[in-house]
Amino acid sequence: MANERQRNQILGLLFFGVLMAALDIAIVGPALPAIQNVFGADERALSWVFSIYVLGNLIGTPPIAALSDRFGRRALYIASLSGFALGSLLVAIAPSFTVLLIGRLVQGFSAGGIFPVASAVIGDTFPPERRGSALGLIGAVFGIAFLIGPILGGLLLLLGWQWLFLINLPIAAILIAFSAKLLPGRTRDTTAPFDVAGLATLAVMLTGLAYGLTELDPALLRAGELPWLAIGALIIAIVFAPIFIAVERRAAEPVLQPTIFRSRQIWLTAALAIGAGIAESAIVFVPALVTSAYGVSSSTASFMLLPVVLAMAVGSPVSGRMLDQFGSRIVVTIGVALSGIGLIILGGWPASIVAFYLASAVMGIGLAILLGAALRYILLNEVPANERAAAQGLLTVTMGSGQLLGAVLVGIIAAAGGGAVAGYGLAFLAIGVVMLLLTLAALGLKSRAAERASALAHAHS
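Residue numbers for the sequence shown follow our numbering, so the first one is 87 and each next one is one higher.
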C-alpha cells in the first residue's frame, strides 16, 4: 500500500486523466457547427459525433479493464491515455467526416479504460476507510468538466475547432510521463490464456446493444415504422448474451468472472447503475422542457442547468466522505431517493420556475452520489484485487446502457404525452417513480459493518 504522499500524487494524476476524458464530452458541443460546415454533414450524421463515442466507450471498457487486472494498471492506463491522444489527433487532422468518426471511436474506446482503471488503482493504493473520499474527488470531475467545458471550448474555438482536440496531446503526454513514474506495475503472473472468445462475444453483444439503442428512433416508432436495423442489432445482443455466459463459464481466466454474479450486492449495484444512467439521460432533455415552458433560447436553457452541475461538483466529494463514515447503504439510498424526488418535482410542476430550481438542486445532489463514488465504492469492497478493474468496467457498461435506454424512454413517453411541456413532464414523472422504486434495491445493500468486513477480506486477495 502506498504512503500518504504517494497516494496524493496518484490521486492527482488520476483526477487529471479522468478530467481530460470528461472535458472532451463537455467541450465538443461548440465544435459541432464548425464540423458540420467543414464536412457538410446533416443533422443525423452529426449526431454520430456523440453516439460513436458512446459506442466506443461501451465496447472498450470491458477489455481494457480485464487487461489491467491481468497486465497491471500502469500499462493499461498509459495505453488508454495514448489511444485517447491518437483518437484526438485523428479527429483534428481528419480529411473526411468518416475519418473524424473513426477518431471519435478511438477516443471513446480508449476513454472506456480511463475511469474504471482509475477506480481500480484507488482500490489498490487506498485503504478501505479512505476509498470513498478518493472516489468522491474523482467523481466530482464530471461536474467540474461541465462547468469549465463550455468556457474552455469557446476560447479554443478562437484558434479553430481542431484545437478542442489538439489540446489533448500535450496533456496526455504529461499524464503518460507521470503514470510511468507513479502507478503500480504488474502485480501478478498468470499462465492462463487470455479469454479471446469471451472478449469477442462480449464485443458483439455490446455493439449490438449500443447501436440498437442509439438507432431506436422514437419518431419512427410514433409514425408506426419499425427501425429494422436497430431491432436486428438488439436481437443480436440478446442472442449473444447466453453465448457470452457459456463461454465465460469455460474460460480459464474469463473477462468477467462468473463468480461476480453470485453476489447479491453486485446484482443490486448493477440495477442501481442502470437506473442512475436512465436518470442521467433525462437531464439531457431538461433544456427542451425549459425552452417550451419558459420560452427561452437554447443557450439560456443550458445555463439554467447550472444548479444541477454545481450540485454534482459539490455533492460528489461530500458523498465520498459520507461513504467512509456511514457506508454505502445509507448514502446510496439517499442518492436514489433524491434523484427520484427531483425528477418528480420537475415532472409534476414543469411550468414553475421555483420548482425547476428546487428540482435541479435535489437532482444534482442525488446524481452526484450515484454517478460519483457510491456505486464504484461498493464494487471495490465486494471483489478481490485481481477483479477490481473488471468489476468497475461492468459498472461503466451497465450505467452506459441505462443512459442509452433512458434516451429512448424519454423520447417515447414524451411523445405519448403530447410532447412539449406536458410530454416531458410525464417522462420525468415516470422516471422519477422508477428511481423511487429503486430505493428498495438500495435498502437491500449490505450494512456498513458487513461491507467493511467484505473489504478487509478482499484487501489482500
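Virtual Cβ for every residue (Gly too), placed ideally from N, Cα, C.
For clarity, every value in this text was computed on a predicted model and none was experimentally measured.
The stretch 399 to 410 makes contact with the stretch 214 to 229, as at least three CB pairs between them are under 8 Å. For the options S438, P202, A365 and A120, the alpha carbon positioned closest to that of L456 is the one of A365. A residue is called buried when at least 16 other Cβ atoms come within 10 angstroms of its Cβ; K267 does not meet this threshold and is exposed.
Of the candidates S438, V376, F228 and A316, V376 places its Cα closest to the Cα of G505. Look at Q489 here: in three-state DSSP terms it is helix.
Nearest in C-alpha terms to M485, of all of L466, L453, F442 and A502, is L453. Boundaries of the alpha helix (DSSP H) around N123: L118 to F125. In the DSSP annotation of this structure, the continuous segment of the alpha helix (DSSP H) that includes Q411 starts and ends at L392 to F412. S533 counts as exposed, since fewer than 16 other beta carbons sit within 10 angstroms of its beta carbon. A Cβ-Cβ contact shorter than 9 Å links L512 with I499. Taken atom to atom, the span from the alpha-carbon of V469 to that of L186 is near 38 Å. Residue state for S219 is assigned as helix, using DSSP reduced to three classes. The beta carbon of L238 sits closer than 6 Å to the beta carbons of I113 from its chain, once the five residues preceding and following it are set aside; these are given in chain order. Straight across, the Cα-Cα distance linking Y443 with M398 is about 14 Å. Cβ contact annotation for L515 (same chain, cutoff 8 Å, sequence separation greater than five): L429, I430, G433 and G434, in chain order. P213 is positioned such that its CB atom lies no closer than 9 Å to that of R538. Going by DSSP, G509 is part of the alpha helix (DSSP H) stretching over A506 to L523. Under the three-pair Cβ rule at 8 Å, the stretch 175 to 195 does not count as touching the stretch 320 to 339.
With a cutoff of 9 Å on beta-carbon distance, L358 and L524 are scored as near each other. In chain order, L295, I360 and G363 place their CB closer than 7 Å to the CB of S487, counting only its own chain and leaving out the 5 sequence neighbours on each side.
Between V333 and the set P313, L105, A151 and M291, the nearest pair of CA atoms involves M291. Secondary structure note for P373: its alpha helix (DSSP H) is the uninterrupted segment V372 to Y380.
Taking the CA atoms as reference points, L391 sits about 25 Å from R462.
Here DSSP, grouped into helix, strand and coil, assigns W247 to coil.
Here the alpha carbons of L243 and P116 stand approximately 8 Å from one another. L302 and P256 have their alpha carbons spaced roughly 38 Å apart.
Rounded to the nearest whole angstrom, the CA to CA distance from T211 to M106 is 22 Å. When C-alpha distances from A152 are compared across L285, A543 and S540, the shortest belongs to L285. If the five residues before and after I262 are omitted, its C-beta is found closer than 6 Å to the C-beta atoms of I164 and L167, all from its own chain and listed in chain order. Here the C-alpha atom of A460 lies approximately 11 Å from the C-alpha atom of I420.
Rounded to whole angstroms, the separation of the alpha carbons of V440 and N123 is 39 Å.
Take the alpha-carbon of E339 and the one of L245: they are about 49 Å apart.
N254 is classed as buried because its beta carbon has at least 16 other beta carbons within 10 Å across all chains shown. Around the C-beta of N143, 16 or more other C-beta atoms lie within 10 Å, and the residue is accordingly described as buried.
Secondary structure note for L342: it is in no alpha helix (DSSP H), with a DSSP letter that is neither H nor E.
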